[in-house]
Every structure is written in structure tokens, then in C-alpha cells.
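**Student:** With the working numbering applied, the first sequence corresponds to residues 13 to 444, in that order.
Encoded as C-alpha cells, here's the structure I'll be asking about.
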Amino acid sequence: MAKPALMRHMPQIAHVDVNCFYASAERAFDPSLEGRPLVVLSNNDGCAVTRSPEAKALGITTGEPWFKLAPRAKEWGLVAKSSNYELYGDISARVMELLGRYSAWLEVYSIDEAFLGVKGDAGTLLPLGRTIKDAVRRHVGVPVCVGIAPTKTLAKLCNKWAKNNPAFDGVCLWEAVPHDVRDSLLARLPVDEIWGIAGRLTKRLNVLGIFTVQDLVRADAVMIRDRFSVVLMRTVLELRGTPCIPMEEERIGRDQLIFSRSFATPVASADGLRQVLSIYGQQASARLSKHGLQAKVLTAFAATSPFRQQEQAYPSVCVSLPMPTADPLLLTRAAHALLPHIRDGLKYAKAGIMLTDLRPSGNQSPLELFENRHEERGIGPLLDDVSRRFGRGAIGLGHAGIKSGLDWTMKRDMRSPRYTTHWDELPVVKAA
DNA sequence: ACGTGTCAG
DNA sequence: TGTTCTGACACGT
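In C-alpha cells:
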């Protein structure tokens, strides 16, 4: 019996993921990094967050503290880079723009991943995957892999196969993988390789004798729902080819916004924390403005390092703002409510502020949105502005205070140039 | 409604 | 010395 015309090609989902994104972005502008073991470090140069294949081959794990790697870096020829979010953000935008040309149905899932709605059969989808992979490599300069399947969960799984199995050459189409190959791959794959399944769930599944993806696919879906959650049941159904996780609309607002950071050096006084909270208040305000949002509730917190032998403390205060606001001064003042809870002498390792109950800034004409005071403006000018309007005392920190080098600011000793976003850091090409 | 636990990247 | 940061959501109360 012939299938109805509309059923000929079920919609499919292509999952595109940049290979070890941060490391690849670094390489795109520094060819000398090609072929060498390379790690990109977290904020404060704390630990490795991205590893090139060569670094993985050395046995370096993600999350490995830099202070443990540094002594052996020379012997390994290992290069480390501080994270350069401006560069990564710009490269990401280029990748996403390019992907948008291949499907109008694009969901940007993270800085280096996207889902694309696509249609077709093996004869067209496989070439499409290759085209996308080659185009991103050529036009943006970073390597990607592509997984294509009827569901998001399977598309992510195919992407993983495309990455790990050279035979796929970077593109894996679920329907083109022979059934016996699928089965043998699934029978060897631990459940925690699946999107949405991590340590805790794995432990509980193992207790029930479910160790591999094949075990999970064969499990009773209703039992999974009752003993675990509807979320895990959706995963099971998705693994069987039934779409349960829809493509998301582009998220405009957020539910909350957090600004938090560990310090390069601990801060041990309320005065120091005052400065930190002032800066965070400014930056949070700028982020709110950028998204056209205002906050009704602010929570400020600080914490001692859990890794040190000392008394621990996690003070926090929650301030309900009288009016929804994105005003840097009001936010900073509210954040300062934490200060009375700070014990001088205790070494705080991190602090932050969290804004919740966010809402779009109303009573603002559409025109004003485009020429928002804080938009497109760096923190420096903003601080200047605030200091000029209200005096330094008002926010407890003048611009000079920053320039004179506060010791708590982030450590990023090995950051590469911001090649694509700062004129004075443009890469220079020399012709012989 | 709110805090806690879990996960992702 | 030193171990990221941000955001979402389900669940239990």
C-alpha cells in the first residue's frame, strides 16, 4: 500500500555541534595550535573546560585543575588558554547565522550547538549534512559534526557517533545506519551517554539492571514513568523514534539572571565585598537592560571556599525591590544589604547576585529600546556615568579603584586576543 | 508557592 | 595557593 504523499518524508532533526568548541575557536585564529594538545581554562584559570583531541589523548579530564596540569605542561607540549568569551561568542554567532541558511527552523541550543528541522530521505539528508559540515569549516573555520534523526535525543546520539566513529566521517544519519550496527552500538553504550541521563539517574537505573541504552530502550515506558519521571519516559520514547521533545521557540525573556564569580584572591572584608557587589550590580544592570528586562527581586550572596580548612559561611539576603528596575544604582544599593552579614576576617572565595521575578521593562517606548542608555556600552563608561551623576560614595567605588588593580578580579593570564571584536586586536597577516 | 535536587553545556 | 558559571525544570513539601 502506498503511503500518502504527506507521509513520504517525516520531519527530521539535524543536531550540529562544534567539536571541542573553545579549543577550535582558538585554533581558528592561531594555526600554530593545530595538532598540539590544547586546553581552555575556566574563569580564573581554575580548571580545564575544553580539551583538544590531543589533550584528551594525554588523559587530561575536563574539570582537571590547572595547578595540577601546569607542572607537566612543558614536558607534554601542552598549551593552555584562558577563556575568551568575546571570541567564542562571535564565532558562535557566525556559525548560527550560517546554519540559519540551511533551515528556517533553527533552535540555538547552546553556544556551540543547534537543532535544525529538516526533511528528506537518505538520498538528500546525508549530502545536506556534509554540505553543512563543510560550509562551517570553510566559512567560519571550526570543525562540526552532524547527527540527523527523527528525534532530538537520537540526533544528539548520532552526533556523538559521528564524532567518535571515524567511519561516519563527521555525519551520521540514523536511518542510514543498518539495524544490526545500531543494535551492537546501543548494546555497548552506557545509559549515561544519553542526553538527560547523568550520575544520579544512572545509579538508580543500574539498581534495576538497566546499564546500557539497549536495556533502557527495552524497559517498560510506564514503569519508567512511575518509578522515575515523565522526563525519563520521554527520553525512552525518543530513543524508540517517537518525538517527545519539541523544537523550542526562541526564548526571549529569562526567569532569572545570576551574576556570580569566584575571586582570584579571597576577599576578607565587608569593604572588599562592597566593591565586588557594586561591580556586579553594574554588570547585572547592563545585562538586564540588554535583554529589555527589569527585576523585582534581588538576592545577594557570598561564600567561603569549600576546599579550604577554615570555618565555612554562606551568607545571603533576599531584597524585594519596591519597583521592578534595571537601575544600576538601585540594584547596587540592594546588593549592599548583604554587607551587615559579612564577617570581617573570614575569607570569602566567591560572591554574586541573583535577579528573579524578571519582567519586560514596560512603559518604555519602542524607540527608547533602540537607544537604551546602557545598551552597547561597556562597564567602564557606565561606571563613569554613575559616578558622575551620583558621586563615588553612592556606589562605593570610583573608576580609579578599578584601574588601580583590585586583587579579586578574574585571573585570565593566558587569554588570546579578541581577534574579531576589537580593532586593536585584529589578527595581522604578513605576506612574504 | 517555594526550596532542593538534578542535569546540561 | 589553587577545583567554572549560568539556567531550566521536576518533584516534594
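Glycine included, every Cβ here is placed at the ideal spot set by N, Cα and C.
These figures come from a predicted structure and were not determined experimentally.
1. For the alpha helix (DSSP H) containing Leu197, name the first residue and the last one.
2. Please name the residue in Ala37, Thr73, Glu76, Pro162 whose C-alpha comes closest to that of His21.
3. Going by Cα to Cα distance, which pick from Asp57, Leu45, Ser44 is closest to Arg424?
4. Taking 9 Å as the cut-off, decide whether the C-beta atoms of Phe33 and Pro429 are in contact.
5. Counting only the same chain and skipping the five closest in sequence on each side, list residues whose C-beta sits under 8 Å from that of Ile257.
6. Checking the sheet assignment: what are the DSSP bridge partners for Lys366?
7. Please go through the same chain and pick out, in chain order, the residues whose beta-carbon is closer than 7 Å to the beta-carbon of Ala174, but skip the five residues on each side of it.
8. Any idea if His151 is buried or exposed, counting beta-carbon neighbours within 10 angstroms, 16 or more meaning buried?
9. So which of Gln322, Ser317, Gln306, Val61 has the shortest CA-CA distance to Pro336?
10. Is the stretch 348-360 touching the stretch 311-328 in the sense that three or more CB pairs, one from each, lie closer than 8 Å?
11. Let me confirm a value: Ser272 is counted as buried when at least 16 other C-beta atoms fall within 10 Å, else exposed. Which label applies?
12. Span of the beta strand (DSSP E) holding Arg252?
13. Helix or strand or just coil, what does DSSP make of Met422?
14. How many angstroms separate the CA atom of Arg427 from the CA atom of Val154?
15. Residues bridged to Ala443 by DSSP?
16. Spell out the partners DSSP gives Phe240 in its beta bridges.
17. Span of the alpha helix (DSSP H) holding Met108?
18. Expressed to the nearest angstrom, what Euclidean distance is found between the alpha-carbon atoms of Val234 and Asp227?
19. Give me the Cα-Cα distance between Ser196 and Thr74, rounded to the nearest whole angstrom.
20. Just list the residues that DSSP pairs His27 with in beta bridges.
21. Take Ser94 as the anchor and find which of Leu50, Lys172, Glu261 has the nearest alpha-carbon.
22. Put Thr337 into one of helix, strand or coil per three-state DSSP.
23. Given a cut-off of 9 Å, decide if Val28 and Phe127 are closer than it, judged by their beta-carbon atoms.
24. Note down, in chain order, each residue of its chain lying with its Cβ closer than 7 Å to the Cβ of Leu137, except the 5 sequence neighbours on either side.
25. Let me make sure I understand the geometry here. Which of Gly253, Val189, Thr432 has the alpha-carbon closest to that of Ser104?
26. Could you compute how far the alpha carbon of Glu38 sits from the alpha carbon of Leu45?
27. How about Val279 and Ala363: are their beta carbons less than 9 Å apart?
28. Could you check what DSSP says for Arg371 in three-state terms: helix, strand or coil?
29. If you draw a straight line from the C-alpha of Ala282 to the C-alpha of Cys59, how long is it?
30. Within the same chain, show all residues whose beta-carbon is closer than 7 Å to that of Met422, passing over the 5 residues directly before and after it, in chain order.
31. For Glu38, name the three-state secondary structure that DSSP assigns.
32. For Arg263, write down the residues that DSSP places opposite it in a beta bridge.
33. By Cβ distance, which residues of its chain are closer than 8 Å to Arg84, with the 5 residues on each side in sequence left out?
34. Under a three-way DSSP split, which group does Phe79 fall into?
35. In this structure, does DSSP put Glu119 in helix, strand or coil?
36. Can the beta-carbon of Val203 be found closer than 9 Å to that of Leu213?
**Tutor:** Based on what the coordinates show:
1. 191-200
2. Pro162
3. Asp57
4. no
5. Thr163, Lys164, Thr165, Arg246, Glu250
6. The sequence shown places Met at residue 366, not Lys. Partner(s): Ile270, Thr311.
7. Cys157, Val158, Gly159, Phe180, Gly182, Val183, Cys184
8. exposed
9. Gln306
10. yes
11. exposed
12. Per DSSP, Arg252 belongs to no beta strand (DSSP E) and is neither H nor E.
13. coil
14. 19 Å
15. Beta-bridge pairing links Ala443 to no other residue.
16. According to DSSP, which records beta bridges pairwise, Phe240 is partnered with nothing at all.
17. 97-112
18. 15 Å
19. 28 Å
20. Phe127, Gly159
21. Leu50
22. strand
23. yes
24. Gln24, Val130, Ile160, Leu185
25. Thr432
26. 8 Å
27. yes
28. strand
29. 28 Å
30. Asn55, Asn56, Arg273, Ala276
31. helix
32. Answer by DSSP bridge pairing: none, since Arg263 is not bridged.
33. Leu90
34. helix
35. strand
36. yes
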